[in-house]
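The next block holds one structure in the form of C-alpha cells; read it before the comments.
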Amino acid sequence: MQAELKTPVLCCQGRGGRAGCALIPRQRERGSGVICSWPNYGMVLFRYLCQLYKRLLLSSLETSSINVGIWARNIHSSAERLEVTYDYGIKKQTIYNHEIQKLHQSADDEDYRRPHIPVMVKEVVNCLSPQQGQRMLDMTFGAGGHTTALLQKVTDITIYALDRDPAAYKIARQLSESYPKQIQALLGQFSQAETLLISAGVEPGMLDGVLLDAGCSSMQLDTPERGFSLRKDGPLDMRMDSGRYPDMPTAADVVNALDQQALASILRTYGEERHAKKIASAVIQARSIYPITRTQQLASIVAGAFPAGALYARKDLLQRPTHVATKTFQALRIFVNDELRELYIGLKIAEKFLKPGGRLVALSFHSLEDRIIKRFLQGIDVSEKFNLNIRQKIRQGQKNYSEQDVEEFSSEKCNSRWTSIQKKVLTPQAEDVQENPRGRSAKLRAAIKL
1 MQAELKTPVL CCQGRGGRAG CALIPRQRER GSGVICSWPN YGMVLFRYLC QLYKRLLLSS
61 LETSSINVGI WARNIHSSAE RLEVTYDYGI KKQTIYNHEI QKLHQSADDE DYRRPHIPVM
121 VKEVVNCLSP QQGQRMLDMT FGAGGHTTAL LQKVTDITIY ALDRDPAAYK IARQLSESYP
181 KQIQALLGQF SQAETLLISA GVEPGMLDGV LLDAGCSSMQ LDTPERGFSL RKDGPLDMRM
241 DSGRYPDMPT AADVVNALDQ QALASILRTY GEERHAKKIA SAVIQARSIY PITRTQQLAS
301 IVAGAFPAGA LYARKDLLQR PTHVATKTFQ ALRIFVNDEL RELYIGLKIA EKFLKPGGRL
361 VALSFHSLED RIIKRFLQGI DVSEKFNLNI RQKIRQGQKN YSEQDVEEFS SEKCNSRWTS
421 IQKKVLTPQA EDVQENPRGR SAKLRAAIKL
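Quick note, the sequence shown lines up with residues 1 to 450 if you use the UniProt record's numbering.
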C-alpha cells in the first residue's frame with residue numbers, strides 16, 4: 001500500500017498576505033520565519049471554477065452586443081496588434097509596440113534553433129556512475145538525452161524512462177525499439193511513479209540510480225501550441241499532460257477566473273515576482289475588455305504594466321535581456337502542473353525505490369525547486385510547518401525560546417538518509433552554457449542513499 005504523503009511546504013521569501021482564495025498557497029507573515037504550506041489545490045473545486053468561467057464566457061458571447069466575428073479574429077491573431085471592436089463604435093487598443101517586438105527578437109531566440117541538448121550530461125553520468133547489470137530510473141525522460149548518454153556509457157543496464165508528457169513517452173517508446181532490453185517506457189506523473197514501477201516489476205529497494213530533472217523540457221518550450229513560451233505565440237495552455245487530462249485547467253483558465261489577490265499570490269509564491277500586485281492588476285484590467293487566451297497576448301499585458309525603460313532591465317546569467325513576463329509564465333506553469341508538490345513526491349518515491357548505496361541525481365532550474373531538493377537531502381521534513389535546518393532553528397530559538405529550548409535545538413540531529421557525492425552543488429561549466437544557454441541556471445545535487 002502506498003504511504004500517504006504529506007503536502008510539502010517551502011519558505012516563501014518576501015512580503016505578502018494570505019490569499020483570498022482557498023486554492024492559493026499561503027504566504028508567511030513578515031519577519032516571522034514561519035514556513036507555510038501550499039495545498040493540493042482542490043482539483044475538483046478548481047475544475048468546477050474553470051468550467052463555470054467557460055460557460056459564463058460562452059453565454060456572454062451569445063447574449064452581448066459584441067461583434068463576435070471581429071472579436072474572435074482579433075483575439076486569435078498573431079498578437080502583434082490586438083483590436084477590440086464594439087457595436088457602439090470602434091475602440092482600438094494597441095498591445096504590441098516596437099520595444100516588445102525588439103525584445104522578442106533578442107539573442108535568447110537563438111535557443112529555438114539549437115538541437116535538444118541534455119543539461120550537464122557529463123556530470124549526470126559521472127554522479128550516477130552506471131555499472132553493468134544495474135537498474136536506473138529516469139524520472140523526466142524528455143527527449144532522452146540523459147538516458148542515451150547512460151546507454152552509451154554502459155550498454156548492459158535497464159532504464160525505466162518515465163515522463164508525464166505523452167510526446168516524451170512516444171520518444172521513449174521509439175527509443176526502446178532500438179534498445180528493447182534496456183529501455184522500458186512509462187507514462188505518468190511523479191505521483192503515479194510508484195504504481196507504474198510496481199506494474200513494471202520493480203519493487204522498493206531495487207533501483208541502483210534515479211535521475212530527476214525538474215521543470216519543463218525544451219520540447220515543450222519549442223512547441224508554440226503547448227503554450228509554454230512567451231516568445232512564440234500560441235494558446236495559453238501550459239499543461240504538461242493536456243492530452244491525457246483535457247479537462248484540467250489551463251493557464252488561460254487561471255488568469256481569466258481568479259481574482260487579483262489570488263493571481264498576485266501565485267505570481268509572488270511560484271514566480272518570486274516582486275511586482276506581483278502590479279502585474280495582477282494589469283491582467284484584471286485587460287481581461288475586463290477581452291479574454292486572455294494567447295501567450296504573447298499575456299506577455300504584452302505584463303509588459304504594459306512596466307515603463308518602457310524597464311523592459312530591458314532584467315537580464316539572465318549571460319547578461320542577455322529577458323522578458324519581464326518570464327517570472328509570470330514560470331509561476332503559472334508551476335501552479336497549473338502542481339510542480340512543486342510533484343517534485344517532493346518524486347523525491348520520496350526515489351528514496352523508497354533506491355537500494356542502500358543507490359544514487360540520486362536531481363537537477364533544478366530555479367530556487368524553489370533547489371530549496372526543496374536541498375532540504376530533502378538534508379533530512380529536513382518539508383511537510384512540517386517549521387522545516388528549518390538546525391542552524392536556522394538555533395537562530396530562531398535565540399529570539400523566541402528559552403535557553404533550555406535552544407539547547408534542545410542544538411542537540412538535535414538531522415534524520416538524513418543521504419550522504420552527498422559532491423561537497424558543493426554543481427553548476428554548468430562555461431562551455432556547457434555556451435553550447436546550451438537554457439541550462440545556464442541549472443543546479444545539480446547528487447547523493448547516495450544510506
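Built from N, CA and C at the ideal position, the CB exists for glycine as well. Keep in mind that this is a model prediction, so the values were computed, not measured.
Query: Minimum length 4: unbroken alpha helix (DSSP H) runs contained in the segment 245–302; Result: 251–257, 260–271 and 276–287
Query: Integer-rounded CB distance, given that Met219 should sit under 8 Å from Ala143; Result: 6 Å
Query: Start and end residues, alpha helix (DSSP H) containing Ser367; Result: Ser367 to Leu377
Query: Entirely enclosed beta strand (DSSP E) segments - the segment 143–182, minimum 3 residues; Result: 158–163
Query: Euclidean distance between Cα positions of Gly379 and Ile349; Result: 15 Å
Query: Sequence-distant residues of its chain with Cβ nearer than 7 Å to Val44 (five each side left out); Result: Any reading at Val44 needs caution, since the residue's pLDDT is 47, under 50, leaving its predicted position unreliable; the model's value is listed next. None.
Query: As assigned by DSSP and simplified to three states, the class of Asp213; Result: strand
Query: Touch test, the segment 123–131 against the segment 181–192, Cβ-Cβ under 8 Å, three pairs minimum; Result: no
Query: Own chain partners of Glu428 with C-beta closer than 6 Å, once the 5 adjacent residues on each side are dropped; Result: What sits at residue 428 in the sequence shown is Pro, not Glu. Cβ within range, chain order: Met120, Gly439 and Ala442.
Query: Beta-carbon spacing of Ala286, Gly304 below 9 Å; Result: yes
Query: Contacting residues, own chain, Cβ-Cβ under 6 Å from Tyr270 (five flanking each side not counted); Result: Ala331, Ile334 and Phe335
Query: heavy atom of the ligand COA below 8 Å from Leu221 C-beta; Result: With respect to small molecules bound, the structure shown includes none, and the ligand COA cannot be examined in it.
Query: Leu360 (DSSP reduced to helix, strand or coil); Result: strand
Query: Simplified DSSP state of Ile448, which is helix, strand or coil; Result: strand
Query: Beta-carbon proximity of Met139 to Leu175, cut-off 9 Å; Result: no
Query: Short Cβ contact (9 Å threshold) for Arg417 with Leu444; Result: no
Query: Arg135: first and last residue of the uninterrupted beta strand (DSSP E) it sits in; Result: Arg135 to Asp138
Query: Inter-residue Cα distance where the pair is Thr147 and Leu207; Result: 15 Å
Query: Spatially closest choice to Ala214 from Ile198, Ser367, Lys232 and Asp222, by CA coordinates; Result: Ser367
Query: C-alpha distance - Val255 paired with Leu340, whole-angstrom precision; Result: 20 Å
Query: Cβ separation of Arg359 and Cys127, assumed to be a contact under 8 Å, to the nearest whole Å; Result: 7 Å
Query: Run of the alpha helix (DSSP H) containing Ser218, from where it starts to where it stops; Result: Ser218 to Leu221
Query: Beta-carbon spacing of Val283, Gln261 below 9 Å; Result: no
Query: Alpha carbon of Leu347 to alpha carbon of Phe376, nearest angstrom; Result: 8 Å
Query: Start and end residues, alpha helix (DSSP H) containing Thr419; Result: Looking at the DSSP string, Thr419 is not in any alpha helix (DSSP H); the run it does join, the beta strand (DSSP E), is Trp418 to Ser420.
Query: CB-CB length for Gln296 against Asp233, believed under 8 Å; Result: 4 Å
Query: Opening and closing residue of the alpha helix (DSSP H) in which Glu431 lies; Result: Ala430 to Glu435
Query: Gln132, DSSP secondary structure in three states; Result: coil
Query: Proximity to Tyr179 [Cα-Cα], best of Glu203, Phe353, Gln152 and Glu435; Result: Gln152
Query: Range of the contiguous alpha helix (DSSP H) that encloses Thr322; Result: Thr322 -> no alpha helix (DSSP H), and no H or E assigned at all.
Query: Sub-9 Å separation of Leu236 and Leu298 beta-carbons; Result: yes
Query: C-alpha gap between Leu426 and Arg294, whole angstroms; Result: 37 Å
Query: Closest residue to Ser199 among Tyr160, Val125, Lys424 and Leu221 (Cα-Cα distance); Result: Tyr160
Query: Beta-carbon proximity check, Ile117 vs Asn436, cutoff 9 Å; Result: yes
Query: Reduced DSSP category for Leu207 - H, G, I as helix; E, B as strand; rest coil; Result: strand
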